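Asks:
Numbering (our numbering), first residue to last: 1 to 229.
1. If we count Cβ pairs, one from each stretch, closer than 8 Å, do we get three or more for the segment 166–186 versus the segment 96–103?
2. Can you check which of these residues, 55, 204, 195, 26, is closest to residue 299 by C-alpha distance?
3. Between which two residues does the beta strand (DSSP E) containing residue 188 stretch?
4. Roughly how many angstroms lie between the CA atoms of residue 201 and residue 207, to the nearest whole one?
5. So residue 106 and residue 176 are supposed to be a Cβ contact under 8 Å. How far apart are they, rounded?
6. Starting from the N-terminal side, write out each stretch of the beta strand (DSSP E) that is 3 residues or longer and does not extend beyond the segment 123–205.
7. Hey, is the segment 109–120 in contact with the segment 46–65, meaning 3+ C-beta pairs nearer than 8 Å?
8. To which residues of the same chain is residue 68 closer than 7 Å at the C-beta, ignoring the five residues directly before and after it?
9. Compute the Euclidean distance between the alpha carbons of residue 125 and residue 225, then round it to the nearest angstrom.
10. How is residue 92 classed by DSSP in three states: helix, strand or coil?
11. Counting pairs of beta carbons, one from the segment 156–176 and one from the segment 128–148, are three or more of them closer than 8 Å?
12. Quick check on DSSP: helix, strand or coil for residue 29?
13. Between the alpha carbons of residue 134 and residue 86, how many angstroms are there, rounded?
14. Could you check what DSSP says for residue 49 in three-state terms: helix, strand or coil?
15. Just list the residues that DSSP pairs residue 71 with in beta bridges.
16. Under a Cβ-count criterion, where at least 16 other Cβ atoms within 10 Å of its own Cβ denotes burial, should residue 160 be classed as buried or exposed?
17. Can you give the Cα-Cα distance for residue 43 and residue 91, rounded to whole angstroms?
18. What did DSSP end up calling residue 66 once you bin it into helix, strand or coil?
19. Give the straight-line distance between the Cα atoms of residue 119 and residue 95, rounded to the nearest whole angstrom.
20. Taking the alpha-carbon positions, what's the residue 20 to residue 220 distance?
21. For residue 172, which of 123, 77, 83 has the nearest alpha-carbon?
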């Protein structure tokens with residue numbers, strides 16, 4: 001038996017609303033030529049790792065049909081708030097980074113490895129940022145990656161509260177690129193480049209592609225700004 005939509009609506013049947021899909025995203029290349037971030041075990045700049053990863057991530061996101069704005073790829077942004085200014089109007093901001101350890105741990109850097117993700121309570125979409133970070137972390141773990149928990153260590157420069165220990169997600173409330181964003185925002189540390197073995201792995205094109213694909217898959221499951229997580 002066929003019933004018209006008007007009959008169904010009059011009878012009180014309501015169709016579920018289609019879930020809003022992410023359409024626009026900003027990918028921020030962490031650090032710059034002037035402030036290149038951490039130095040890898042072999043002396044390479046974090047910025048160089050971030051740029052390679054961000055370019056691959058942007059490609060993977062575009063393959064999924066997302067409109068991607070790449071921020072900071074030329075290495076010339078010197079003000080952190082300029083990154084979030086350029087991201088205005090996008091539904092999600094991802095900041096691409098690679099990790100280090102505190103100076104006292106550098107002699108034993110080989111024991112630190114894995115990804116980590118950061119979100120901020122001061123972001124206007126803190127709950128959605130956390131929900132998005134969970135999607136990205138789950139995707140990274142599906143790809144065989146594991147988190148590092150060294151940022152929770154109670155020492156100077158660390159002591160970050162864990163938002164989700166199993167998924168390697170931390171709160172970092174005053175991180176400028178997160179708290180000044182006008183959309184959900186997640187900072188992704190893709191691995192620990194002061195670990196010689198991890199640095200070597202993270203420089204491999206197939207690993208860069210695998211990580212970028214995983215982050216893109218997780219990000220594509222994130223809900224746009226303004227939607228309930």
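Think of the CB as a built atom: it goes at the ideal place given N, C-alpha and C, for glycine as much as any other residue.
Please read all numbers here as calculations on a predicted model, not as lab measurements.
Replies: Concretely, from the data shown:
1. They do not touch, by the three-pair rule.
2. Residue 299 lies beyond the stretch modelled for the chain, which goes from 1 to 229, so this question has no answer here.
3. Run containing residue 188: 185–192, per the beta strand (DSSP E) assignment.
4. For residue 201 and residue 207, the distance between alpha carbons rounds to 7 Å.
5. Contact flag wrong, Cβ pair sits at about 25 Å.
6. Inside the segment 123–205, DSSP marks whole beta strand (DSSP E) runs of 3 or more residues at positions 162–164, 169–171, 185–192, from first to last along the chain.
7. Pairwise C-beta distances place the segment 109–120 out of contact with the segment 46–65, as fewer than three of them are shorter than 8 Å.
8. Cβ within range, chain order: 25, 27, 58, 61, 62.
9. The alpha-carbon atoms of residue 125 and residue 225 are separated by roughly 7 Å.
10. Three-state result, residue 92: coil.
11. Touching, yes, given that three or more Cβ pairs across the two stretches are closer than 8 Å.
12. Three-state DSSP puts residue 29 in a strand.
13. Going by the C-alpha atoms only, they are around 25 Å apart.
14. In the three-state reduction of the DSSP assignment, residue 49 falls in the helix class, which pools H, G and I.
15. DSSP lists 28 as the beta-bridge partner residues of residue 71.
16. Classification of residue 160: buried, given that the 10 Å Cβ count is 16 or more.
17. C-alpha separation (whole angstroms): 35 Å.
18. Reduced to three states, the DSSP call for residue 66 is coil.
19. Cα-Cα distance, rounded: 11 Å.
20. Taking C-alpha positions only, residue 20 is separated from residue 220 by approximately 11 Å.
21. The candidate whose alpha carbon is nearest that of residue 172 is 123.
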